[in-house]
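Below you can see the structure in the form of structure tokens.
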């Protein structure tokens, strides 16, 4: 028998209160799991402040899966604060009225922070016979009303974008209505189901400012779908994220094709990007040296060798990340390639679809760090100087001896 929704909300509040930094960790995304007659006793409750790795979350899904439907509701951004707001607004009708109904009437479990949950959920096709992905929320209902849902099917439904802080409440409520309508169709099918509500990336109140600024924040696989991006992943060769690519006056479309090939003998990886917007493929060539460092050797476009304005390299097992725009040019050639917000990893990828720790082009000593160090040095210097001055204070070395002759000082006009 499931616990009441109010108790679940209280549990969520306790988990978040014991570790506030979850709200600001761009790595973890909350996940709400609910389903028909699920056995969740074997799933331990998440520890406060612990971000569940992608592989561990995949194992959790596998342990509770049953023959039937797997329904994933994928929002562009989602944060634990949305669930806190859900708890406070529920008394007034709430933003998640339908989500409340289905989670309380079935087995459910809340995970405050999961690393790249969308990646794990996209790979449910390996456990089910068929996967259906509906990227247009406006057409999802009409499609599902005209098809017969089959057993052992993974259904991924993209929800409406949440937008900024002013429109997020309306968007979330609209998404809840869509979830309710789709769940009615799922129930009519008569199949048992397991459902997930999560986001592609973590959303925070200051996320918009972070995206626009140049910082050392890292991109993740789930971020790639939140904007117009070119993204490609290979299980062992390469992982690539680019927000946009401009070649001359042309901007590559979302349908650009990215392929990776490896020449193990030459320790070389080639990434080829093709698109209808450009006359010839754009090729990025990477090599690995004897010191286990991989680096970009050159870019080739239209038989012209281009060089980048910054060095792109990292140790094997690490990714490279840069929030600044990277340009490729040749002193005598007209085409100029510009890549916005690049993150890339080649040769060795520990977890398929997930970037490893990143080397950042911004460098470790940013302006903020230098300011903090200089301020600390000034304060330390002032403290040391003050202690030295106190140590050099001179005291009188002559005092009256009560047993001897009194000290007299003659004063004369």
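In our numbering, the protein residues as written are 3 to 415. Think of the CB as a built atom: it goes at the ideal place given N, C-alpha and C, for glycine as much as any other residue. Source: prediction; values computed, not measured.
Ranked by Cα distance from residue 199, the first of 189, 190, 192 and 174 is 174. Around the Cβ of residue 258, a 10 Å sphere holds 16 or more other Cβ atoms; the residue is buried. If you draw a straight line from the Cα of residue 146 to the Cα of residue 181, it is about 12 Å long. When secondary structure is reduced to three states using DSSP, residue 53 falls in the coil class, being assigned neither helix nor strand. Runs of the alpha helix (DSSP H) lying entirely within the region 245–303, each at least 4 residues long, are absent. Relative to the Cα of residue 323, the nearest Cα in the group 241, 407, 57 and 138 belongs to 241. Rounded to whole angstroms, the gap between the alpha carbons of residue 283 and residue 303 is 6 Å. For the region 86–152, the continuous alpha helix (DSSP H) assignments of 4+ residues that do not extend past its boundaries occur at 99–106, 119–124 and 139–147, in sequence order.
Residue 205 is positioned such that its CB atom lies no closer than 8 Å to that of residue 155.
According to DSSP, residue pairing for residue 184 in a beta bridge does not occur. The DSSP-derived three-state label of residue 158 is strand. Comparing alpha-carbon positions, the option among 102, 137, 39 and 287 lying closest to residue 178 turns out to be 102.
In its chain, beyond the 5 residues on either side, 157 have a beta carbon closer than 6 Å to the beta carbon of residue 134. For the pair residue 185 and residue 344, the CB atoms are not nearer than the 8 Å cut-off. In the DSSP annotation of this structure, residue 388 is not part of any beta strand (DSSP E); the continuous alpha helix (DSSP H) holding it starts and ends at 369–393.
Among the bridge pairs identified by DSSP, residue 396 is matched with none.
Below 8 Å, too few C-beta pairs join the region 67–76 and the region 364–374 to call them touching: fewer than three.
Of all alpha-carbon atoms in 104, 268, 272 and 30, the one lying nearest the alpha-carbon of residue 56 is that of 30. Put simply, the backbone Cα of residue 383 is about 19 Å away from that of residue 395.
For residue 331, DSSP records a beta bridge to 309. Around the beta carbon of residue 79, 16 or more other beta carbons sit within 10 angstroms, so the residue counts as buried. Cβ atoms of residue 262 and residue 273 come within 8 Å of each other, at about 5 Å.
Boundaries of the beta strand (DSSP E) harbouring residue 74: 71–80, taken from the DSSP string.
DSSP, reduced to helix, strand and coil, places residue 349 outside both helices and strands of the structure shown, so it counts as coil. For residue 361, same chain residues with a beta-carbon under 6 Å away, outside a window of 5 residues either side, are 316, 320 and 322 in chain order. Annotation: residue 39 is outside any beta strand (DSSP E) and is labelled neither H nor E by DSSP. An exposed status is given to residue 380, since fewer than 16 other beta-carbon atoms sit within 10 Å of its beta-carbon. In this structure the region 348–357 does not lie against the region 386–393, because fewer than three pairs of beta carbons, one per stretch, are closer than 8 Å. With a cutoff of 8 Å on beta-carbon distance, residue 143 and residue 75 are scored as not near each other. Assignment of beta-bridge partners to residue 200 by DSSP yields 33 and 76. Secondary structure note for residue 358: it is in no beta strand (DSSP E), with a DSSP letter that is neither H nor E. For residue 321, the uninterrupted beta strand (DSSP E) segment begins and ends at 321–324. Rounded to whole angstroms, the separation of the alpha carbons of residue 148 and residue 82 is 35 Å. Between residue 251 and the set 286, 309 and 281, the nearest pair of CA atoms involves 281.
Non-local C-beta neighbours of residue 152 in its own chain, meaning closer than 7 Å and more than five positions away in sequence, comprise 132, ordered along the chain.
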